[in-house]
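Peer 1:
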């Protein structure tokens, strides 16, 4: 048993914000009570969380763990270690592995590897189409039985409106969310950053903001047609957010996530350093402002990292030849504190929601600090000063633009199923 | 004054004074081009690596000639003969060339930012001889030198650039140099090649994008033509005939410009596409002067990045003037 005492418990579901003790018994939360009222049972470990925040376990809806197939960039073992260091108790891993997770065997392989080597829970996302090729629907029911939590052809959108409609129809009957990497691939072809003054100045090929929005518009219409649960991944543009807002106002089951890098950086920050290359690319100043507004007003449902490790050999090339993507797990919470909370734009409670009950709702599950709930907790500090050093990361890759950034606040302990998966000195 | 950077990667970060200094340093080297014996000993014993990862004829030969006239040796890498096709990364190729101990690394590459990227990893001066669609600093300098020679100044001119501006590294270097001397720019071409974002790439520099040739030429002192990359015609869709109809510089249209307007072109010229032969070869054209000035500018660049940091005093072109030149007529 583990007693976490004197922490400031923040639970968005019950709207709790108080000094509480939480007693964990194995995989479940046994008891929650006001600070000082729960005595440590004999033999229980005690964690004094005074001055720290105790939140439900963080869920990352969007990560690439690269196993199977690209183990030189990341494995389930190294990726989940990094996730634990970032405070995440569960990560949803995208299916663009080699082979693609488009059938139950691959799903089971991922879950077996997670069980054997993982530091946090791994919730696989299955491919919407076979090989994510956008031609034929994949074995979604089989994968659901094996344990997927959503489907996506992430890395690209479901290729055609016709197939997207079929997938949405089918997933509605299976009650699975369809996660879309929204991008009009013809507009994005050859582009390496957002189109604008910065891309024009740098001489880098840009994709316009509407690259994302035209695809979101298509999918929102299909979500209305099919009644499916549509989740827009790594939303980056104001125009796309407006589409989601419109869909929500119509009562459609449409949700979206935003990454820490999109609410922190903009296209003007891009240099010829490939650590600033990701897809969707860093957006314009006004897009970032719109994302911050959406994060504050509830339009955005979750913060997701899009943790995308690429080994140095792949990323250390000319900007236009480098693959898209950056690391995300270990800086997500600190960036959220910096950009959202310390800046006064978002309350601490709302930020916790974006990491916990928000993503849980997208997946159709519940996450809160209450007796009987899974013993997954994220303990963090809102003010501890620290410096992120990517060389200390358990990840196999080093592609972070936030290396050497100084932060105020970050993860302290990650508790998964009652066990401390990662603990950083207070 | 001296050149304060190790490398020459772009003209954008340089001040007007620094750009003026580079142009002034080129002046004596221009004189050298007129001498019967053109070889100096200034960089004797030094080696210039010429790494051209993208095809180039005139810029490579120009840098090679510049190095040679300064007395330096050069080592040449050409895309066709390189190990790039064998899968070696740019950085590995650069490290390998650097291991042969050159004193300067001149490179051209099809990726914007490639020279910047290599410079971050090499311990010798890197000179950008054109990176993707970003900048072509030596071209920007030689254009300015040519304009100054012909018009007597590079200040407060109306400069019109015609063609595919979006994909032009020459246009960007021209804007970042001449813009610091009060020049006003009119950019003209098909709208897909002349996006409005260009008006903001150099804060403080008046830049306007127009889509009618007649509007672009009115009052121009300098007309900079860009080569229409014929491989880019049709992608984006635009027929060559339409381009000629709307944007070809011919004698009739040239009359709309200032009476003494000069015409520049970085080459190679597509005669009959962006420019008619009578204009290309006419009295207002500076095309061949540009090529001659290219050698002088590149001599100045190589001299400054290789020797400039350690030597001062008399300009090497004056100091080491070939003796025979005293009687040379030009």
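Protein chains in written order, with the working numbering: chain A, 1 to 426; chain B, 1001 to 1330. Think of the CB as a built atom: it goes at the ideal place given N, C-alpha and C, for glycine as much as any other residue.
Anything in the region 74-87 of chain A with a Cβ closer than 7 Å to a Cβ of chain B? List those residues in chain order, please.
Peer 2: none
Peer 1: What residue range is occupied by the uninterrupted alpha helix (DSSP H) comprising residue 423 (chain A)?
Peer 2: From DSSP, residue 423 (chain A) is part of no alpha helix (DSSP H) but of the beta strand (DSSP E) over 419-423.
Peer 1: For the region 406-420 of chain A against the region 323-338 of chain A, do three or more pairs of beta-carbon atoms, one drawn from each stretch, fall closer than 8 Å, so that the two count as touching?
Peer 2: yes
Peer 1: Given a cut-off of 7 Å, decide if residue 1176 (chain B) and residue 1202 (chain B) are closer than it, judged by their beta-carbon atoms.
Peer 2: yes
Peer 1: Between residue 1308 (chain B) and residue 1002 (chain B), is the Cβ-Cβ spacing less than 7 Å?
Peer 2: yes
Peer 1: Using the DSSP secondary-structure output, state which residues sit across from residue 1162 (chain B) in a beta bridge.
Peer 2: B:1188 and B:1225
Peer 1: With DSSP as the reference, please indicate the residues paired to residue 326 (chain A) in a beta bridge.
Peer 2: A:307
Peer 1: Between which two residues does the alpha helix (DSSP H) harbouring residue 243 (chain A) extend?
Peer 2: 238-249
Peer 1: DSSP on residue 1006 (chain B), reduced to helix/strand/coil?
Peer 2: coil
Peer 1: Would you decide whether residue 1229 (chain B) is buried or exposed? Buried here means 16 or more other CB atoms lie within 10 Å of its CB.
Peer 2: exposed
Peer 1: Under three-state DSSP, which class holds residue 8 (chain A)?
Peer 2: strand
Peer 1: Can you pull the chain A neighbours of residue 1201 (chain B), defined as C-beta to C-beta under 8 Å?
Peer 2: 197, 200 and 201
Peer 1: With a Cβ-Cβ cutoff of 7 Å, do residue 1127 (chain B) and residue 1159 (chain B) count as a contact?
Peer 2: no
Peer 1: Please name the residue in A:19, A:283, A:289 and A:69 whose C-alpha comes closest to that of residue 199 (chain A).
Peer 2: For residue 199 (chain A), the nearest C-alpha among the options comes from A:283.
Peer 1: Spell out a yes or no on whether the region 1066-1073 of chain B and the region 1290-1299 of chain B are touching, meaning 3 or more CB-CB pairs, one atom from each, closer than 8 Å.
Peer 2: Contact between the region 1066-1073 of chain B and the region 1290-1299 of chain B is present, because at least three Cβ pairs lie under 8 Å.
Peer 1: Measure how close the beta-carbons of residue 1225 (chain B) and residue 1265 (chain B) come, nearest whole angstrom, since I'm counting them as under 8 Å.
Peer 2: 4 Å
Peer 1: Flag residue 1003 (chain B) as yes if its beta-carbon sits less than 7 Å from any beta-carbon of chain A, otherwise no.
Peer 2: No, because no Cβ of chain A sits closer than 7 Å to the Cβ of residue 1003 (chain B).
Peer 1: When the cut-off is 7 Å and only beta carbons count, does residue 1015 (chain B) lie next to chain A?
Peer 2: no
Peer 1: Determine the burial state of residue 341 (chain A): buried for a count of at least 16 other Cβ atoms within 10 Å of its Cβ, exposed for fewer.
Peer 2: buried
Peer 1: Between which residues of its own chain and residue 219 (chain A) is the CB-CB distance below 6 Å, once the five residues before and five after are set aside?
Peer 2: 180 and 230
Peer 1: Could you please give me the residues that DSSP links to residue 427 (chain A) through a beta bridge?
Peer 2: No answer is possible for residue 427 (chain A): it lies beyond the span of chain A, which begins at 1 and ends at 426.
Peer 1: Between residue 1019 (chain B) and chain A, is there a C-beta pair that is closer than 7 Å?
Peer 2: Not a single C-beta of chain A is nearer than 7 Å to the C-beta of residue 1019 (chain B).
Peer 1: In the DSSP output, which residue or residues are listed as bridge partners for residue 1104 (chain B)?
Peer 2: B:1048
Peer 1: Answer yes or no: do residue 203 (chain A) and residue 267 (chain A) have a C-beta to C-beta separation smaller than 7 Å?
Peer 2: no
Peer 1: Using a Cβ cut-off of 7 Å (strictly closer), state whether residue 1081 (chain B) contacts chain A.
Peer 2: Caution is warranted here: a pLDDT of 49 is assigned to residue 1081 (chain B), below 50, making its placement in the model unreliable, and the coordinate value is therefore given only provisionally. Residue 1081 (chain B) does not count as touching chain A.
Peer 1: Can you tell which of A:201, A:113, A:157 and A:164 has the C-alpha that lies nearest to the C-alpha of residue 187 (chain A)?
Peer 2: A:157
Peer 1: Please identify, using Cβ separations under 7 Å, the residues of the region 279-303 of chain A that lie next to chain B, in order along the chain.
Peer 2: Flagged: no residues at all.
Peer 1: Measure the Cβ-Cβ separation of residue 1194 (chain B) and residue 1165 (chain B) and say whether it is below 7 Å.
Peer 2: yes
Peer 1: So which residues of chain B does residue 316 (chain A) contact, with C-beta pairs closer than 8 Å?
Peer 2: Under the 8 Å cutoff, chain B gives 1089 and 1091.
Peer 1: Does residue 1143 (chain B) come within less than 7 Å of chain A when only Cβ atoms are used?
Peer 2: no
Peer 1: First and last residue of the alpha helix (DSSP H) that includes residue 355 (chain A)?
Peer 2: 348-355
Peer 1: Skipping 5 residues on each side, what residues in its chain have a beta carbon closer than 8 Å to that of residue 1211 (chain B)?
Peer 2: 1188, 1189, 1190, 1191 and 1194
Peer 1: I'd like to know whether the C-beta atoms of residue 89 (chain A) and residue 57 (chain A) end up nearer to each other than 7 Å.
Peer 2: yes
Peer 1: Quick check on DSSP: helix, strand or coil for residue 1286 (chain B)?
Peer 2: coil
Peer 1: Identify the contact partners of residue 1195 (chain B) in chain A, using a Cβ-Cβ distance below 7 Å as the criterion.
Peer 2: 200
Peer 1: Counting Cβ pairs closer than 8 Å, one from the region 1038-1054 of chain B and one from the region 1089-1100 of chain B, do we hit at least three?
Peer 2: Yes, the region 1038-1054 of chain B is in contact with the region 1089-1100 of chain B.
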